[in-house]
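These notes concern the structure reproduced below.
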Amino acid sequence: MGSPEDCNKRGLKAVGPNMTTCHPSYDRSDLLVNCCPPGFQSPVPFVDFQFPDPQSPLRIRRPAHAVDADFLAKYDKALSIMKSLLHDDPRSFSRQANLHCLFCTGTYHQQNYNAPVNIHRTWLFFSWHRMMIYFHERIIGSLIGDETFALSYWAWDIPEGMVIPDMYINKSSSFFHTQRDASHLPPNTADLNYVSDTNLGREDQSDINLSFMYNQMVSGARKTELFMGCKYKAGTEGYCDGPGTIELAPHNALHTWVGSNLNPGREDMCSFYSAGRDPIFYAHHSNIDRLWEVWREVNKYQLDTTDPDWLESFFFFYDENMRLVRIKVGDVLDIIKLGYSYEHVHCPWLNKRPKPSFSPKLARQMLKAKEKENKLQILSTHFSSLDFEPHGRALDASLTVKVRNHQSKKEKEEENVIVVHGIEVKGDAYVKFEVYVNLVDESKISPKFREFAGTFAHIPGVVANKRKIDLKLGVSELLEELEADQDESIWVTLLPRTPSCSNTTIGGVRMEYIK
Ligand code: C2O
1 MGSPEDCNKR
11 GLKAVGPNMT
21 TCHPSYDRSD
31 LLVNCCPPGF
41 QSPVPFVDFQ
51 FPDPQSPLRI
61 RRPAHAVDAD
71 FLAKYDKALS
81 IMKSLLHDDP
91 RSFSRQANLH
101 CLFCTGTYHQ
111 QNYNAPVNIH
121 RTWLFFSWHR
131 MMIYFHERII
141 GSLIGDETFA
151 LSYWAWDIPE
161 GMVIPDMYIN
171 KSSSFFHTQR
181 DASHLPPNTA
191 DLNYVSDTNL
201 GREDQSDINL
211 SFMYNQMVSG
221 ARKTELFMGC
231 KYKAGTEGYC
241 DGPGTIELAP
251 HNALHTWVGS
261 NLNPGREDMC
271 SFYSAGRDPI
281 FYAHHSNIDR
291 LWEVWREVNK
301 YQLDTTDPDW
311 LESFFFFYDE
321 NMRLVRIKVG
331 DVLDIIKLGY
341 SYEHVHCPWL
351 NKRPKPSFSP
361 KLARQMLKAK
371 EKENKLQILS
381 THFSSLDFEP
391 HGRALDASLT
401 VKVRNHQSKK
411 EKEEENVIVV
421 HGIEVKGDAY
431 VKFEVYVNLV
441 DESKISPKFR
451 EFAGTFAHIP
461 GVVANKRKID
471 LKLGVSELLE
481 ELEADQDESI
491 WVTLLPRTPS
501 CSNTTIGGVR
511 MEYIK
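Going by the UniProt record's numbering, the sequence shown opens with residue 1, and the numbers climb by one from there.
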């Protein structure tokens, strides 16, 4: 597929799949998953992506909780046509669903390299999913001859959208899906930082969700890598595993929250190979896509990556005319040029800045006193090395470590970043732990409070290239709020939230500075 001419001869390390290398992937050791399309063994001719005609009407994506009956009727009709198409047809729902399985479980090798293609937990996360739903939306529209058709988005980040939208629970519609957790259907409020059921009322849950959104979108996302994920380059050495804030949660958390508790991997939504089978997947990802735009806008488009390896990374999708299209990341950075837009909604989380749960001054005094009495579980004495190295310690209990805050080395505009590095997930389950700073009151463990720095949330299903994961959390604003920005060191607490954490080890914790 394609020839090596393409990107990498100019010394680029852009990632792209070799489509003839498709192979079955194991999602769980007891389950063989094969999502390869028919006839993948021989190369299929492709065309390079072209923008749609700028004269064609803009497709306006609307929040799913606010769409009208006309829209629902036409979307329902189109989706049932899509579901009736045969698997041979790349526009069929089963083939659309498999796209996620193909690119997310490592079923392709990269062009020119014996290394798998993976799009999660890297800087390809937002752009790949944008491409997937872009083609999906156009195919849906073309099945009913509607050039204006636009997907709707599940606006789980605003209070009105924090339940599964009604359209998805209507049993007689094509949006209905059985493989979901029945206890999370409306009127249950979505938990954007889901661990296990809390049964909070709508208002309390929504309040926590908004603070959490602030952390993931604003205070924790002030640098490109923190939001977009790590720089994943072509070749066996170029692999990285470092998800951005929004991918970790609400993205992963909600995949888990929606998926069925009766299935081993909470399929369909919670496992990569099966997530695309639930129609709500497309509304979930429209919202992720929208939030990418909100983040870009909030940061005045100043944080966009310009690295050619990112811009030139490419994928293949079938379009509404059943032509195979090669599309690059650089092609999908202007949604108006792509012919769609989002109906604006007000984001109350933009100003939902959390406050300390406890007097910051007192907290630091207490922590120092505890340290003297040796009551903290400090495993490392290498404070000066910046590095806390427990060498693969399992997270079976909460762990507080003192981390050096190298204030003197920090330059202006640099972000303080807590790095939990070398995370190794050994089982294939939902893994969730949270990170707090200068925490003294363990009854106040909530994103509502400023001690919350962020979370690790991992969903099952990527086996290929299982590498150690780095979690990076931007904490400059947090340190200011906790009056700890000038302190020589801070106390970082890792709090396991799922039993699977005892099967998860970490390499260490340190502070880094990102320009
Ligand atoms: Cu490719 Cu929502 O995951």
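Cβ atoms here follow ideal geometry from the backbone N, Cα and C, with glycine treated the same way.
Note that the structure is a prediction, hence the values are computed from the model and not measured.
Problem set entry | In DSSP terms, what S152 is bridged to | Paired residue(s): R62.
Exercise. In or out: R323 buried (at least 16 other Cβ within 10 Å) or exposed?
Worked result: Exposed, since its Cβ has fewer than 16 Cβ neighbours within 10 Å.
For this session: Compare the Cα-Cα distances from A190 to each of K372, V509, P165, N98 and report the closest residue.
Result: Among K372, V509, P165, N98, the Cα nearest to that of A190 is on P165.
Exercise. Among residues of its own chain, excluding the 5 on either side of M132, which ones have a beta-carbon nearer than 6 Å to its beta-carbon?
Worked result: Annotation for M132: L99 place their beta carbon closer than 6 Å to its own, counting only its chain and skipping 5 residues before and after.
Problem set entry | Delimiting residues of the beta strand (DSSP E) encompassing E480 | That residue, E480, is in no beta strand (DSSP E); its alpha helix (DSSP H) goes 476 to 481.
Problem set entry | Continuous beta strand (DSSP E) stretch holding D48: start and end | Here the beta strand (DSSP E) through D48 covers 46 to 48.
Exercise. H285: beta carbon under 7 Å from a heavy atom of ligand 1?
Worked result: For ligand 1, at least one heavy atom lies less than 7 Å from the Cβ of H285.
Exercise. The alpha helix (DSSP H) with R121 in it runs from where to where?
Worked result: Unbroken run through R121: none, as it is neither H nor E.
Exercise. Counting along the chain, where does the alpha helix (DSSP H) carrying W491 start and finish?
Worked result: W491 -> not in any alpha helix (DSSP H); beta strand (DSSP E) instead, spanning 489 to 496.
Problem set entry | Neighbourhood of H129 by C-beta distance below 6 Å, restricted to the same chain and skipping five residues each side | Same-chain partners within the cutoff: H285.
Problem set entry | Minimum C-alpha distance to T94 - residue among M82, S313, F103 | The identity of residue 94 in the sequence shown is Ser, whereas the question assumes Thr. With respect to the C-alpha of S94, the residue from M82, S313, F103 having the closest C-alpha is M82.
Problem set entry | Sub-8 Å separation of A78 and L143 beta-carbons | With contacts defined by Cβ atoms closer than 8 Å, A78 and L143 form a contacting pair.
Exercise. What is the residue span of the alpha helix (DSSP H) that K370 lies within?
Worked result: Where K370 is concerned, the enclosing alpha helix (DSSP H) stretches over 360 to 372.
Exercise. Should F212 go down as buried or exposed, given a rule of 16 or more other Cβ atoms within 10 Å for buried?
Worked result: Buried, by the Cβ-count rule.
Exercise. Under the criterion of a Cβ to heavy atom distance below 7 Å, does C35 qualify as lining ligand 1?
Worked result: For ligand 1, not one heavy atom lies less than 7 Å from the Cβ of C35.
For this session: With N199 as the anchor, note down where its alpha helix (DSSP H) starts and where it stops.
Result: In the DSSP assignment, N199 falls outside any alpha helix (DSSP H), carrying neither H nor E.
Exercise. Taking the beta strand (DSSP E) that C416 falls in, what are its first and last residues?
Worked result: The residue you asked about is not Cys; residue 416 is Asn in the sequence shown. N416 -> beta strand (DSSP E) spans 415 to 425.
For this session: Report yes or no: do the segment 250 to 264 and the segment 308 to 317 share at least 3 C-beta pairs separated by less than 8 Å?
Result: No, the segment 250 to 264 is not in contact with the segment 308 to 317.
For this session: Could you give the DSSP three-state label for T400: helix, strand or coil?
Result: Shown here, T400 sits in a strand according to DSSP, grouped into three states.
Exercise. Excluding the five sequence neighbours on either side, which residues of its own chain have a C-beta within less than 6 Å of the C-beta of R180, listed in chain order?
Worked result: Exclusion of the five residues before and after R180 leaves V258, S260 as the residues of its chain whose Cβ lies within less than 6 Å of its Cβ.
Problem set entry | Distance CB(E415)-CB(R222) smaller than 8 Å | For the pair E415 and R222, the CB atoms are nearer than the 8 Å cut-off.
Exercise. Looking at H255 and ligand 1, is the gap between the Cβ and the nearest heavy atom below 7 Å?
Worked result: Checking every heavy atom of ligand 1 against the Cβ of H255, one is found closer than 7 Å.
Exercise. Can you find a heavy atom of ligand 1 that lies under 7 Å from the Cβ of C22?
Worked result: No - ligand 1 has no heavy atom lying nearer than 7 Å to the Cβ of C22.
Problem set entry | Residue environment, F272, which counts as buried when at least 16 other CB atoms sit within 10 Å | Residue burial annotation: F272 is buried, with at least 16 other C-beta atoms found within 10 angstroms of its C-beta.
Exercise. Would you say I506 and N252 are within 8 Å of each other, going by their C-beta atoms?
Worked result: In this structure, N252 does not lie closer than 8 Å to I506 by Cβ.
For this session: Could you pull out every residue in the same chain whose Cβ sits closer than 7 Å to the Cβ of L210, ignoring the five residues on either side in sequence?
Result: Taking L210 as the centre and dropping the five residues before and after it, the same chain places the C-beta of P348, W349, K352 closer than 7 Å to its C-beta, in chain order.
For this session: Could you have a look at I514 and say whether DSSP puts it in helix, strand or coil?
Result: If DSSP states are grouped into helix, strand and coil, I514 belongs with the strands.
Exercise. Counting Cβ pairs, one atom from each stretch, are 3 or more of them under 8 Å apart for the segment 492 to 508 and the segment 417 to 435?
Worked result: Touching, per the Cβ criterion.
Problem set entry | For G220 and L473, believed in contact at Cβ under 8 Å, the rounded distance | Their Cβ separation, rounded to whole angstroms, is 6 Å, which keeps L473 and G220 in contact under 8 Å.
Exercise. Which residue's Cα is closest to the Cα of L12: V345, K410, P308?
Worked result: Of the candidates V345, K410, P308, P308 places its Cα closest to the Cα of L12.
Exercise. In terms of DSSP beta bridges, what is K432 paired with?
Worked result: In the DSSP output, where bridge partners are listed per residue, K432 has A457.
Exercise. For G235, which residues from the same chain have a beta carbon less than 7 Å from its beta carbon, with the 5 sequence-adjacent residues on both sides left out?
Worked result: Answer for G235: K13, Y113, A115, listed in chain order.
Exercise. If you draw a straight line from the alpha carbon of L124 to that of D241, how long is it in whole angstroms?
Worked result: For L124 and D241, the distance between alpha carbons rounds to 11 Å.
Exercise. Is C104 near ligand 1, going by C-beta to nearest heavy atom under 7 Å?
Worked result: Yes.
Problem set entry | CB of E343 within 8 Å of CB of I60, strictly | Taking C-beta atoms as the reference points, E343 and I60 count as a pair closer than 8 Å.
For this session: Hey, could you find the ends of the beta strand (DSSP E) R326 is sitting in?
Result: It spans 324 to 328 - the beta strand (DSSP E) in which R326 sits, taken as one unbroken run.
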